[in-house]
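Take the numbering used here: the final residue in the sequence shown is number 552, and no numbers are missing along the way.
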Amino acid sequence: MIEYINQGSKDTRSGFGAGLTELGRTNPNVVALCADLIGSLKMDQFIKENPERFFQIGIAEANMIGIAAGLTIGGKIPFTGTFANFSTGRVYDQIRQSIAYSDKNVKICASHAGVTLGEDGATHQILEDIGLMKMLPGMTVINTCDYNQTKAATIAIAAFEGPVYLRFGRPSVANFTPVDQQFEVGKGLLLQEGTDVTIVATGHLVWEALEAAKILNEQGISAEVINIHTIKPLDDEIIIKSVAKTGCIVTAEEHNYMGGLGESVARVLALNQPTPQEFVATQDTFGESGTPAQLMDKYGLNKEAIVTASQKVIQRK
């Protein structure tokens, strides 16, 4: 099993920018659209190299979604970029009708997701976007954990046929997955084997899960850690196989516990192998203004919360 080491902190949105730039050099059908947030989405280099393949829509996200849907008819692969709140909640009707229902090959790329958006506060910190997107028939939902994985996912979804929601963030976080990884949509990754508890994490909580596993190991608890980067379609097999061994599970995500990864995992367990489960997630609440670190601590989205949830769920076996 690979020992994952922090290679240095980077923001996942820069991984998206790097992946998009590489696609600009290798795939002539890739085009990009943005809602007046070029710098925030790290689209600058793609635009510099491919000015004729970029469309600045302005603060008109609904129009951006409609234009992107139309571009697919001519064989283009549109990547839309704005904040996660504006990528989903503001344009849900357009996504439902013009992309999901119409099965258009649009890649909805969303930065600044979750409470780690930070000081901009609750109005911009969407914590229900995964639920909104996974409920749409045919929509693939991906939530990457670090810079390297976000770059790899960005490149991979260009070759994936169908609508995709790709979620990433603003803060610098541990960059620990392999540089040369092959990203496979719908395939969870076993990061660490264990026998006492399964920890399934997504996005920024994956590194926290690995750190929690170290603490648990010092307590004599063997934790199995799984990175679920694709929430839909969910890798049922890796989850069922793990809980058959450990007998309990903790899910960890920077999202409301209602509608997120945890509920998707609970459905799999209910249908296949009922198992004690604890949720590390926001508890049906909005966020607030603060630094990303302050908010992650306040809302219990950290390694300490994962350790506590693991100890609790083990007692329920």
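Glycine is no exception: its CB is placed at the ideal position from the N, C-alpha and C atoms.
{"Query": "Close-in-space but distant-in-sequence residues of the same chain around P511 (CB under 8 angstroms, 5 per side omitted)", "Result": "G482, C483, I484, V548, R551 and K552"}
{"Query": "Local Cβ density within 10 Å of N340, reported as buried at 16 or more and exposed below that", "Result": "buried"}
{"Query": "F395 beta carbon less than 7 angstroms from that of V420", "Result": "yes"}
{"Query": "Three-state class that DSSP yields for T546 in the structure shown", "Result": "Residue identity check: residue 546 is Gln in the sequence provided, not Thr. The answer is helix: DSSP assigns Q546 an H, G or I state."}
{"Query": "Close-in-space but distant-in-sequence residues of the same chain around G310 (CB under 7 angstroms, 5 per side omitted)", "Result": "N264"}
{"Query": "A388 at chain C interface by Cβ criterion, 7 angstroms", "Result": "Within the model displayed, chain C is absent; a lone protein chain is all it includes."}
{"Query": "For Q512, the three-state DSSP class (helix, strand or coil)", "Result": "strand"}
{"Query": "Classification of A345 by the beta-carbon crowding that lies within 10 angstroms, buried from 16 upward", "Result": "buried"}
{"Query": "Limits of the beta strand (DSSP E) - the one that N537 falls within", "Result": "Where N537 is concerned, there is no enclosing beta strand (DSSP E), given that its DSSP letter is neither H nor E."}
{"Query": "C-beta atoms of I294 and D279 nearer than 7 angstroms", "Result": "no"}
{"Query": "DSSP three-state assignment for I383, whether helix, strand or coil", "Result": "The displayed chain sequence assigns Asn, not Ile, to residue 383. Here N383 sits in helix by DSSP."}
{"Query": "Under 7 angstroms between C-beta atoms of A335 and G373", "Result": "yes"}
{"Query": "G274 classed as buried or exposed, judged by whether at least 16 other C-beta atoms fall within 10 angstroms", "Result": "exposed"}
{"Query": "Limits of the alpha helix (DSSP H) - the one that T256 falls within", "Result": "T247 to T261"}
{"Query": "Proximity below 7 angstroms, CB of T433 to CB of S477", "Result": "yes"}
{"Query": "Candidates L530, A479, L496 and D532, of which the one nearest Q508 by Cα", "Result": "A479"}
{"Query": "Reduced DSSP category for K283 - H, G, I as helix; E, B as strand; rest coil", "Result": "helix"}
{"Query": "With 16 other Cβ atoms within 10 Å as the buried cut-off, status of E354", "Result": "exposed"}
{"Query": "At least three beta-carbon pairs within less than 8 angstroms, the stretch 369-388 to the stretch 525-536", "Result": "no"}
{"Query": "Closest by C-alpha distance to E513, when choosing among V266, L504 and L268", "Result": "L504"}
{"Query": "Simplified DSSP state of V503, which is helix, strand or coil", "Result": "helix"}
{"Query": "Local Cβ density within 10 Å of D415, reported as buried at 16 or more and exposed below that", "Result": "exposed"}
{"Query": "For N491, three-class secondary structure by DSSP", "Result": "strand"}
{"Query": "Contact the stretch 377-388 vs the stretch 242-249: 3+ CB pairs below 8 angstroms", "Result": "yes"}
{"Query": "Cβ neighbour criterion (16 or more within 10 Å) applied to I300", "Result": "buried"}
{"Query": "Same chain, Cβ closer than 8 angstroms to F418, neighbours up to 5 away in sequence not counted", "Result": "Q384, A387, A388, I390, A391 and H464"}
{"Query": "Inter-stretch contact (C-beta, 8 angstroms, three-pair minimum) for the stretch 349-367 and the stretch 540-547", "Result": "no"}
{"Query": "Runs of alpha helix (DSSP H) lying entirely within the stretch 307-358, each at least 4 residues, in chain order", "Result": "319-323"}
{"Query": "DSSP-derived helix/strand/coil call for L367", "Result": "helix"}
{"Query": "V376 in three-state terms, based on DSSP", "Result": "strand"}
{"Query": "Straight-line gap, G497 to F521 (C-alpha atoms, nearest Å)", "Result": "18 angstroms"}
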